[in-house]
Amino acid sequence: MKQFAGTLATLVLLGGLAGYYFFIDVPREEKKIKETRESARVLPYLLDKVHRLTYKNGELTVVAEKEKLTWKLKKPLETLGDHMLLNGMLQQLEEARHTRVVEENPEDLSQFGLKDPAISITLEEKSFGKKTVHIGSPSPIGHSAYFKVDDNPRVILVPGFQKDWAKTLFEFRSKTLLDFPTEKITQVTLERPGGTLSIKKEKDEWHISRPIEALGDKAAIENLINQIRHARAQAFVEETPSDLTIYKLDKPKHLARFSDEENSWGLDLGTAQGENTFHAKLKNKSNVVAVENRVKAAIETNYLDLIDKRVLTFKEDEIVQIQITSEEGENNRTVVINKEEGEKPVWKITHPTQVDADQAAVNSLLFDLKDTRAIAFMTFGNKENFGLENPKQSLTIKKKNGDTETLHLGNANLDGKQYFLSRSLDGGVFVLETEKVNKLFRAFKDLRDRSLVSIDSDQVHHIVLKYPDKTFELKRAGKNWTLLKPEKVDPLKPFIGNDILWTVNSLQFEQEFPSTGSEKTGFDSPTLTLSLSDENGSKLATVIVGNAVEDTKLRWAKTEDPTRKVHIQDRFLNEIPKTLEKFQLAQEQ
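The opening position of the sequence shown corresponds to residue 1 in full-length UniProt numbering, with each subsequent residue numbered one higher.
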């Protein structure tokens, strides 16, 4: 008992020591560190409200004033300031901490380069008034410089290079030339030696009006606008030029104009300045600057690169008709597919014959039409040499409002990997991969519903599989299937009957033939006769499978319709049970 009491007392003592450490000693240490760090600040103020900054570096004096969120230079000239540089300087000063106090009250400041400091930064703000930070010589040891704040005699050592605080007038100036929001621009005009490019925004769509009329590619056009908008002055060449002819800016060969509903902006390019820049001037400014070569390249953008590369423009729910016309080969026919509106719209083929369309195939076609993009545009209006005077195939979509858009298919290129097409939207001739062409210009057989039979599986209660040497008969009660012939197997696992029904419903024919009676179909002695009946014994569907088609993996098949004969995949027979063992293995244990 005494031993237990001693252990308990020890634990209590250790707990008390731990509590003292974590709740008293640690917070006290953290507070001390924080106080030490705060006391080391060069300027013990928040500088986000500084409204005036004066920077002196030798003969350079820059005065900047903040108006709301914008910095403006007042001296040595009036212009916009570089907000990133000015805000960055304030942040650096706010975060600056000295590593040590060199002298509290030095008699000679010249030894620290602070008698006539190389750099002085004066900050003005309502709460602390005016403060000046002087930056002197770099320290001979370590990457630090001597600092002094004007109302404090002590000299401190602050990490960082003195040269990091040495700025030029160019650095203080805003290099932004075109300051407008891209999303508000409604008109763009680019003048260049090759001609004028005019683009206009209507609602949310861009339209090219010169040198051709075409629907514009929104992403490409806005990217072009941003390329020019993001142009930055690489140098300020001359503030008030008396003669613009020396820069070829009196009659510029390259110019960009942008406008919204209220304002306009412009940038002119003149002669080259060195290898990588060009002389430039804003429309509403007098000074000459230098900009990068890429600005000239952007102004010279080929209009073909700005055209909407969608081959057709539509929303899927607005299409009511698709028409594909072929003028050559075995597909020499016109296929017309119409949408029958209702609670669930259904696509029907109305020409060359009236049959159900494969809903998935039509929806897939619409998706491909909407998703396909041209590789590149070749020309507009001129269809010669592309095989488009008499196109091989045409595809037309019709919208609810009666509007139509058409694609025409021309020749393949030399290697056959691409085709030339044109679109009715703007007469543009473009190039498309052969693989994508084949996805768009589909044949009748690929669009019709090729289901041999279509049944409601829940209605089927009887399945009969009749082979030449045996017959299997299955019956369903509720969800349970029973094999009745050739011998009773009861109960079967539910999947056996359901799999047969799923296979029959999924069966699609490859090709349909008129009934001539001359083919060796084998229907007089079929390989399999599959019959489905409801609970009253009424026949729902019959599939008769005949001979194999020579040199193929196909078989002849038909339903009870005497006018239809088709080819189906031979594998259908492998998916239907043909041995008693198959059913016995599926018996519920």
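Here a beta-carbon is modelled for each residue, glycine too, at the ideal position from N, C-alpha and C.
So T503 and P486 are in contact, right, with Cβ under 8 Å, and what is the actual spacing, rounded?
Reading the sequence shown from its first residue, position 503 is the one you call residue 503. Reading the sequence shown from its first residue, position 486 is the one you call residue 486. Taking a contact as a CB-CB distance under 8 Å, the pair T503 and P486 does not count as one, their CB atoms being some 21 Å apart.
D570 in three-state terms, based on DSSP
Your numbering for residue 570 matches position 570 in the sequence shown. DSSP, read as helix, strand or coil, puts D570 in coil.
Just to confirm my understanding: we take E575, look at its own chain, exclude 5 residues before and 5 after, and list those with CB closer than 6 Å. What are they?
If you number the sequence shown from 1, residue 575 lands on position 575. The beta carbon of E575 lies closer than 6 Å to those of T503 in the same chain, with the five residues before and after it left out.
Paired residues, beta bridge with R100 - DSSP:
On the sequence shown, position 100 is the one that residue 100 refers to. According to DSSP, which records beta bridges pairwise, R100 is partnered with L157.
Bridge partners - R52, DSSP secondary structure assignment
To locate residue 52, count along the sequence shown from 1; it is residue 52. Partner(s): E65 and E124.
Option nearest N226 by Cα separation, candidates T353, A298, R210 and A290
Sequence index remark: in the sequence shown, residue 226 carries index 226 (1-based). When the alpha-carbon of N226 is set against those of T353, A298, R210 and A290, the nearest one is in A298.
So, for K253: in the same chain, excluding its five sequence neighbours on each side, which residues have a beta-carbon less than 6 Å away from its beta-carbon?
Against the sequence shown, residue 253 aligns to sequence position 253. Hits under 6 Å: P193.
Quick check on DSSP: helix, strand or coil for Q393?
Residue 393 sits at position 393 when you count from the first residue of the sequence shown. If DSSP states are grouped into helix, strand and coil, Q393 belongs with the strands.
What's the C-alpha gap between G342 and K400?
As a working note, residue 342 is residue 342 in the sequence shown. As a working note, residue 400 is residue 400 in the sequence shown. For the pair G342 and K400, the Cα-to-Cα distance works out to about 14 Å.
Which ranges does the beta strand (DSSP E) cover as unbroken runs of at least 3 residues, wholly within the stretch 416–445, from first to last along the chain?
Counting only runs of 3 or more, we get 418–423 and 428–433.
Assuming L507 and L452 form a contact by the criterion Cβ under 8 Å, report the distance between their Cβ atoms to the nearest whole angstrom.
As a working note, residue 507 is residue 507 in the sequence shown. As a working note, residue 452 is residue 452 in the sequence shown. About 5 Å separates the two Cβ atoms, so the contact holds.
Short Cβ contact (8 Å threshold) for F420 with M378
For the purposes of this step, residue 420 is taken as the residue at position 420 of the sequence shown. For the purposes of this step, residue 378 is taken as the residue at position 378 of the sequence shown. In this structure, M378 lies closer than 8 Å to F420 by Cβ.
Can at least three beta-carbon pairs, one atom from the stretch 44–52 and one from the stretch 144–151, be found at a separation below 8 Å?
Between the stretch 44–52 and the stretch 144–151, the count of Cβ pairs shorter than 8 Å is below three; the stretches do not touch.
Considering only residues of the stretch 355–389, which uninterrupted alpha helix (DSSP H) runs meet the minimum length of 4 residues and lie entirely inside it, listed in chain order?
For the stretch 355–389, whole alpha helix (DSSP H) runs of length 4 or above, ordered along the chain, are 359–371.
Excluding the 5 residues preceding and the 5 following R373 in the sequence, name in chain order all residues of the same chain whose CB lies nearer than 8 Å to its CB.
Translated into the one-based positions of the sequence shown, residue 373 becomes position 373. The residues K309, R310 and V311, in chain order, have a CB closer than 8 Å to that of R373 in the same chain once the five nearest residues on each side in sequence are set aside.
So, for D25: in the same chain, excluding its five sequence neighbours on each side, which residues have a beta-carbon less than 7 Å away from its beta-carbon?
Residue numbering aside, residue 25 sits at position 25 when the sequence shown is read from its first letter. Confidence at D25 is low in this model, with a pLDDT of 47, below 50, so the placement of that residue is unreliable and no value is reported for it.
Excluding five sequence neighbours on each side, which residues of the same chain lie with their C-beta closer than 6 Å to the C-beta of K582?
By one-based count along the sequence shown, residue 582 stands at place 582. Result list for K582: empty, nothing under 6 Å.
Please work out which residues of its chain come closer than 6 Å, Cβ to Cβ, to H134, disregarding the five sequence neighbours upstream and downstream, and give them in chain order.
Along the sequence shown, one-based indexing puts residue 134 at 134. Same-chain partners within the cutoff: L114, P117, S120 and K148.
Three-pair Cβ contact test at 8 Å for the stretch 216–235 versus the stretch 266–284
Touching, per the Cβ criterion.
Let me confirm a value: K131 is counted as buried when at least 16 other C-beta atoms fall within 10 Å, else exposed. Which label applies?
Taking the first residue of the sequence shown as position 1, residue 131 is located at position 131. It is buried - the Cβ of K131 has at least 16 other Cβ atoms within 10 Å.
Could you have a look at S198 and say whether DSSP puts it in helix, strand or coil?
Taking the sequence shown and counting its residues from 1, the one referred to as residue 198 is at position 198. Three-state result, S198: strand.
For the beta strand (DSSP E) holding Q187, just list the boundary residues, first then last.
Position 187 of the sequence shown, counting from 1, holds the residue named residue 187. Residues Q187 to R192.
Could you work out which residue in S174, Q393 and V545 is closest to T527 when comparing CA atoms only?
Position 527 of the sequence shown, counted from the start, is the residue given in the question as residue 527. Of all alpha-carbon atoms in S174, Q393 and V545, the one lying nearest the alpha-carbon of T527 is that of V545.
Tell me the rounded alpha-carbon separation between L425 and E327.
Counting from 1 along the sequence shown, the entry for residue 425 is found at position 425. Counting from 1 along the sequence shown, the entry for residue 327 is found at position 327. If I take the Cα positions, the gap works out to 22 Å.
Nearest CA to the CA of L215: which residue from E104, L409, Y303 and N382?
Along the sequence shown, one-based indexing puts residue 215 at 215. Taking each of E104, L409, Y303 and N382 in turn and checking the Cα distance to L215, the smallest one comes out for Y303.
Would you kindly check if the distance between the Cβ of N505 and the Cβ of P494 is under 8 Å?
Taking the sequence shown and counting its residues from 1, one reaches residue 494 at position 494. Taking the sequence shown and counting its residues from 1, one reaches residue 505 at position 505. In this structure, P494 lies away from N505, with their beta-carbon atoms at least 8 Å apart.
Helix, strand or coil for G58? Go by DSSP, reduced to three states.
Within the sequence shown, numbered from 1, the residue matching residue 58 stands at position 58. G58: coil per DSSP, three-state reduction.
Let's test the definition: count the other Cβ atoms within 10 Å of the Cβ of I349 and tell me whether it reaches 16, buried, or not, exposed.
Position 349 of the sequence shown holds residue 349. Residue burial annotation: I349 is buried, with at least 16 other C-beta atoms found within 10 angstroms of its C-beta.
Reducing DSSP to helix, strand and coil, say where H462 ends up.
Taking the first residue of the sequence shown as 1, we reach residue 462 at position 462. In the structure shown, H462 sits in a strand (DSSP, three-state: E or B).
Under a three-way DSSP split, which group does L177 fall into?
The residue you call residue 177 lines up with position 177 of the sequence shown. DSSP places L177 in coil when its eight states are reduced to three.
Among D260, K344 and Q92, the one whose alpha carbon lies nearest that of V188
Taking the first residue of the sequence shown as 1, we reach residue 188 at position 188. If you compare the alpha carbons of D260, K344 and Q92 with that of V188, the shortest gap goes to D260.
Does DSSP put V346 in a helix, a strand or coil?
For the purposes of this step, residue 346 is taken as the residue at position 346 of the sequence shown. Three-state result, V346: strand.
Could you tell me the boundaries of the beta strand (DSSP E) in which I319 lies?
Taking the sequence shown and counting its residues from 1, one reaches residue 319 at position 319. I319 to S326 is the span of the beta strand (DSSP E), which, as asked, contains I319.
Under 7 Å Cβ to Cβ from T404, same chain only, skipping five residues before and after it: list those, please.
For this step, residue 404 is matched to residue 404 along the sequence shown. For T404, where only same-chain residues beyond five positions count, the Cβ hits under 7 Å are T396, I397 and K398.
Among E65, A557 and E340, which residue has its Cα nearest to the Cα of E318?
Position 318 of the sequence shown, counted from the start, is the residue given in the question as residue 318. Nearest of E65, A557 and E340 to E318, Cα basis: E340.
Between the stretch 175–186 and the stretch 68–75, are three or more C-beta pairs nearer than 8 Å?
Between the stretch 175–186 and the stretch 68–75, the count of C-beta pairs closer than 8 Å stays below three; the two stretches do not touch.
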